[in-house]
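Everything below concerns the one structure shown next.
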Amino acid sequence: MDATVRRIGITVLYEPEDEGSHEVDIVLVHGLFGHPKNTWTYDLPRGWLGGRSSNTPYTTDMNDESEERAHKKPRTSHKETSREVFWPQDLLPQTFPQARILAWGYDVQVEELLSSSSQASIFHHAETLLSDLVARRNSVSDKEKPIIFIAHSLGGIVVKDALSLSNNEKTFISEILPATTGVVFMGTPHHGSKIASLGKIAFELSKVFLQKPNLKILRGIEVNSEVLERISRSFSQVLAAGQLKVHSFREELDTKGVRIVEDFSSTIGYLNETRGSLHANHRDMAKFSSAADVKFQRVVSVLRRWIQEGNKLQSTADTAPNLSPATPSLPNSLVLEQRYHECLESLNSAEARNRVQAVEVAYVETYNWLFDRKLGLCDWLEGRTPNSIFWIQGKPGSGKSTVMKHLMNHHKTRELLGTYHGSPWLVAGYFFHDRGTLIQKSVKGFLGEILYQILRQRKELFPSMYTVFSRLYEICDALDPVKGTNRRASINDWSIGSLQEALISVGSKANYDVNVCLFVDALDEHDGNHRELLSTLSRLSQLPENPFFRLRLCLAGRPENIFKDAFHTCPGFPIHQYTTGDIRLYAHGRIQREVSSSFTSAGENGLQDLIEDIIEKAHGVFLWVRLVVDELIEGLCEGDSIDEIKDLLSTIPAELEDLYERAIRRISRTSSSASKNQKYEAYVMFKIAVCAKHPLPLMHFLAVASFSTTGKHTDLQGLPMDQMKRRLNGRSAGLLDTTGFEREVQFIHQTVKDFMTNGSGFTVACECLGDKSHDNGHLLILRYILSRFENAWEPSYRHMYWASANFGHSAYIVEMQQGIEVNGLLENAILRLPNPQQLAFFDYILLVTSKRWIHNNRKLRLFVFYTVHNLDMSRAHLLKENQSDIVEDICSCLLDCASSAKDPRELLVSYLRSDDFELFDELVRYAISRRNIGLSDRETALREWDQVRVWKHRRSAGRLHRTLGWV
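In this text, residue positions in the sequence shown follow UniProt numbering: the first is 1, and each later residue adds one.
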């Protein structure tokens, strides 16, 4: 052990007394303006009297490279020495007595302007570091010891360049990289640092003293510098081997008002990189006061994990060298990176995030009460409450979704979570949405979106669930029906079980701090068995059994019995009991802002009384307040007095359903221009909004409504968007609105849809229809799409998407629930179409594409469509009318396809139904019996078919195809 910390080169700070106990080398590399001792030394407050673990106080060699300074009087007095903690020597040996601890110094010092700097570039420093290490590790036993680097600031760039150089060189320095276990980066500017430009000023000042400042170093850490790009490219090749461990710490505090290394620059972006933060500025993040210092404990946690993993690996190699690993190993870094992006792509669904984006932000100054200590939410966010679930319940329309979005985005939420644990928190959310698509209201959509948000924000978590995705990847490849092509996985390929397994893997396998806070809204709008949803939530809430993984799960929904029973022991509150002040702020603020005329003092008093009346009738239901305030503002803008507005308020019902009924009845009492057609159009709009599986874009929604009302196609493309929205609002009495980028039409709230489907909505809407037919919305959608193709419609991709998403679903409802045979609609309409329109309809609406195996056989494609969508009446009719023509076509084409598939049975089932395979079996046997072939050939064909049916032999499918002459 050296007695002096050298300014330049390697100093041995500690080494085990027994050579046999030496297991690892820990090498510390300081940063810009740093020093091999001062960088790592913490100055304790005056009056602290602590001792060192060593009897010899360390001194600092500032200007001399002399190695023998022990005989000189230390510059630092005992009093000053006792106030310092040089943690690599004072603390680290106590934690890792088996480690030799080395500090390496190099000359990039500029704060002492009168001391000339060396002209070495980053590359030369890297080369020197390798040479010094090789010289120190010169014995055979030393060379076998693993190395762990701890690098601060610029030191991390030097270490990266050194390891890259070791990777590329064939000389003696090449031995360093294979021996290196990992690198702990502390505030390293991997992608540049804005503060580097400030450093240039210091160099310019040094010119006044005729010195030679090292401008190469400062250029090297500018944002997007060529030097950093070179080092990053070279180091990525090192990481691609997948052998090097990397942990990056970021600084949490500014230095004199400046964040020296921005968060984006403090991490490499390497898939296997682990990350953390230290509550200190750029300089102090490398200084620790004691073994109890949280910063020191976090660094030690990383080192301990790496050293223990190295020991286990060595032990395994010694005791069982021929055993293969129990779990599949990760691929190299480049393949892992590719799989990561493929996984994200498979999970990514913009639809799943539409609802969160569509929820209105909280009105200004409302919901401040959420962070009142008495409510309990603050304690829960801070981890003072052991239960990981917080339950927010509320009446329909009470503002639960707005509150959840407010909490998700509020800075106070993250501040309180930071009190629970200092490492960064990943905040994600999913809002169930019954009026949306299946991905917006299913457990599968929920799990997929949560997993997507977690992986998108924390890339380094992907390896923990890699095996789950790799199985999915292999299955997708195995089910590919066309040779030599790769099919990308999508959310449809994930099962609920695989998504749960992936999330559990992320939580259970984390061996460093992972903090997640999830906000899940509108549990009551889940489309499925609520107990299945509760089971999923319960599994998620139990993930925190791993001490490295922390989860907070904030849930919201209506107080239905099943949820009240499930969450009765969880902290939470009923939102409608706390919104009185918010309703007052909202009502007063909107009226004051949207009514142009000012109120007299008497009018202002009357307005206050009016607002109190609104609060009393609202019973905490914010949606009711919004609708009522809209109507009152309309009256005030028309010149109504406060007294007249109060009379109007007294006529407005206090219950939402009664309010909706009143709004629909008002359609029939509008001016004379509101004809019967307009009233029927309103009825049609409500029907379509209820029945559409996928919400329709505004223009097409209005087009369907207009065609269903008049029997004619109305050209709406010339109408401006504002005019179309006014048409929608006027016809629907404000109960329908648009949402999202596509301006899809939906009910303004779930309570309106409930009113239409379960309440008296359609009864009221039908009162003024007279002799107009009360057609089902699904039938209206089918007729409109068919009529458009008859008129040579050439829809865009977005138009085809909503049409195809709704056509199959509506066809099933019309046939199975109304008993109307869809074949009668489809066959007559499609077969009359010109050939281009026929092909377009099959390809883009029925989604039965014209592949080689199905060619241009229209009736066969109809058969496949009927089978896939469970249209049993239509399929039976088609077979009955065309059996002599179609049976052989079905068998021939599907077997032709099966002969090129990796798993023919699975492929056939994917085009039929899993429970329909017996029907296909009968069809094949029937076709074989009808072929004009010899008995032996017929028996051979039956045996070949059994090979396909039972053993999934694709070659048998091909031989059967040839035996029967289906070429």
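Even glycine gets a Cβ: it sits at the ideal position worked out from N, Cα and C.
> Going straight from the alpha carbon of R230 to that of F264, what length do you get?
Replying inline: So the two alpha carbons sit approximately 18 Å from each other.
>> Measuring alpha carbon to alpha carbon, tell me which residue in K143, H869, C570, H700 is nearest D379.
In response: The candidate whose alpha carbon is nearest that of D379 is C570.
>> Suppose you measure from the CA of L154 to the CA of I260; what does that come to, to the nearest Å?
In response: Rounded to whole angstroms, L154 to I260 spans 12 Å at the Cα level.
> Using DSSP with H/G/I as helix, E/B as strand and the rest coil, what is D25?
Replying inline: Three-state DSSP puts D25 in a strand.
> Taking the continuous alpha helix (DSSP H) assigned at Q608, which residues delimit it?
Replying inline: Its alpha helix (DSSP H) spans residues 601-618.
> Thinking C-alpha only, which one of F446, V506, R943, V520 is nearest I491?
Replying inline: Ranking the options by Cα distance to I491, first place goes to F446.
>> Just to confirm my understanding: we take T39, look at its own chain, exclude 5 residues before and 5 after, and list those with CB closer than 7 Å. What are they?
In response: So the qualifying residues of the chain are H30, G31, H152, A286.
> Does E742 come within less than 8 Å of chain D when only Cβ atoms are used?
Replying inline: Absent from the structure is chain D; it holds one protein chain and no more.
> If L503 and A428 are in contact, beta carbons under 8 Å, what's the gap, nearest whole angstrom?
Replying inline: About 11 Å separates the Cβ atoms of L503 and A428, ruling out a contact at the 8 Å cut-off.
> Looking at C-alpha atoms only, which residue of L165, S290, K170, T419 is the closest neighbour of Q94?
Replying inline: Checked all of L165, S290, K170, T419; the closest Cα to Q94 is S290.
> Would DSSP call N492 helix, strand or coil?
Replying inline: DSSP places N492 in helix when its eight states are reduced to three.
>> Check this for me: beta carbons of S248 and F296, under 8 Å apart or not?
In response: Their beta carbons are not under 8 Å apart, which means S248 does not touch F296 by this criterion.
> Would DSSP call T536 helix, strand or coil?
Replying inline: T536 carries a helical assignment under DSSP once its states are collapsed to helix, strand and coil.
>> Buried or exposed for A196, going by 16 or more other Cβ atoms inside 10 Å?
In response: Note that A196 scores a pLDDT of 45, beneath 50, so its modelled location is shaky; the value from the coordinates is reported in the next line. It is buried - the Cβ of A196 has at least 16 other Cβ atoms within 10 Å.
> Which runs of the alpha helix (DSSP H) spanning at least 4 residues fall entirely within the region 624-666, listed in chain order?
Replying inline: Correct list: 642-651.
>> Let's test the definition: count the other Cβ atoms within 10 Å of the Cβ of L935 and tell me whether it reaches 16, buried, or not, exposed.
In response: Counting other Cβ atoms within 10 Å of its Cβ, L935 stays below 16 and is therefore classed as exposed.
> Do the region 602-614 and the region 633-645 touch if we need at least three Cβ pairs shorter than 8 Å?
Replying inline: Cβ pair count under 8 Å is three or more, so yes.
> Can you tell me the Cα-Cα spacing of H125 and K412, whole angstroms?
Replying inline: Those two C-alpha atoms are separated by around 45 Å.
> Cα-Cα, which of R283, E337, L702 is closest to L239?
Replying inline: Comparing alpha carbon positions, the residue from R283, E337, L702 closest to L239 is E337.
>> Within 10 Å of its beta-carbon, does H619 have 16 or more other beta-carbons around it, so buried, or fewer, so exposed?
In response: By the 10 Å Cβ count, H619 comes out exposed.
>> Whether or not the region 749-766 and the region 802-811 are in contact is what I'm after, with contact meaning three or more pairs of Cβ atoms, one per stretch, closer than 8 Å; do they touch?
In response: No, because fewer than three Cβ pairs between the region 802-811 and the region 749-766 fall closer than 8 Å, the two stretches do not touch.
> DSSP state of D775, grouped into three classes?
Replying inline: In this structure, DSSP gives D775 a state outside helix and strand, which the three-state scheme calls coil.
>> Need the endpoints of the beta strand (DSSP E) that R100 sits in, please.
In response: Note, R100: beta strand (DSSP E), 99-105.
>> Determine whether the beta carbon atoms of L13 and A135 lie at a separation below 8 Å.
In response: The Cβ atoms of L13 and A135 do not sit closer than 8 Å to each other.
> Looking at C-alpha atoms only, which residue of H341, E474, V403 is the closest neighbour of Q453?
Replying inline: Comparing alpha-carbon positions, the option among H341, E474, V403 lying closest to Q453 turns out to be H341.
> Which one or two residues does DSSP pair with Y578 in a beta bridge?
Replying inline: Answer is none; Y578 lacks a bridge partner.
> Along the chain, where does the alpha helix (DSSP H) that runs through K725 open and close?
Replying inline: If you look at K725, you'll find it in the alpha helix (DSSP H) that goes 721-732.
> Where are the alpha helix (DSSP H) runs, 4 residues long or more, that stay fully inside the region 800-834, in chain order?
Replying inline: Runs found: 822-830.
>> So, with DSSP's three-state summary, where would you put Q678?
In response: In the structure shown, Q678 sits in a helix (DSSP, three-state: H, G or I).
> Got a sec? Which residues, its chain only, sit under 6 Å from S346 by beta carbon, not counting five neighbours each side?
Replying inline: Take S346, set aside five residues on each side of it, and the residues of its chain with a beta-carbon closer than 6 Å to its own are A489, S490, in chain order.
> If you drop the 5 nearest sequence neighbours on each side, which residues of the same chain put their C-beta closer than 8 Å to that of E17?
Replying inline: Hits under 8 Å: none found.
> Which stretch, first to last residue, makes up the beta strand (DSSP E) that contains M186?
Replying inline: 180-186 is the span of the beta strand (DSSP E), which, as asked, contains M186.
> According to DSSP, is K245 helix, strand or coil?
Replying inline: Residue state, collapsed to three classes: strand.
>> L417 and L381 - do their beta-carbons sit closer together than 8 Å?
In response: Taking C-beta atoms as the reference points, L381 and L417 count as a pair closer than 8 Å.
>> Here's the rule I'm using: 16 or more other beta-carbon atoms within 10 Å means buried, otherwise exposed. How should M404 be labelled?
In response: By the beta-carbon neighbour count (other beta carbons within 10 angstroms, threshold 16), M404 is buried.
> Is it buried or exposed for H869, if we count other Cβ within 10 angstroms and need 16 for buried?
Replying inline: The residue in question, H869, is buried, as its Cβ has 16 or more Cβ neighbours within 10 Å.
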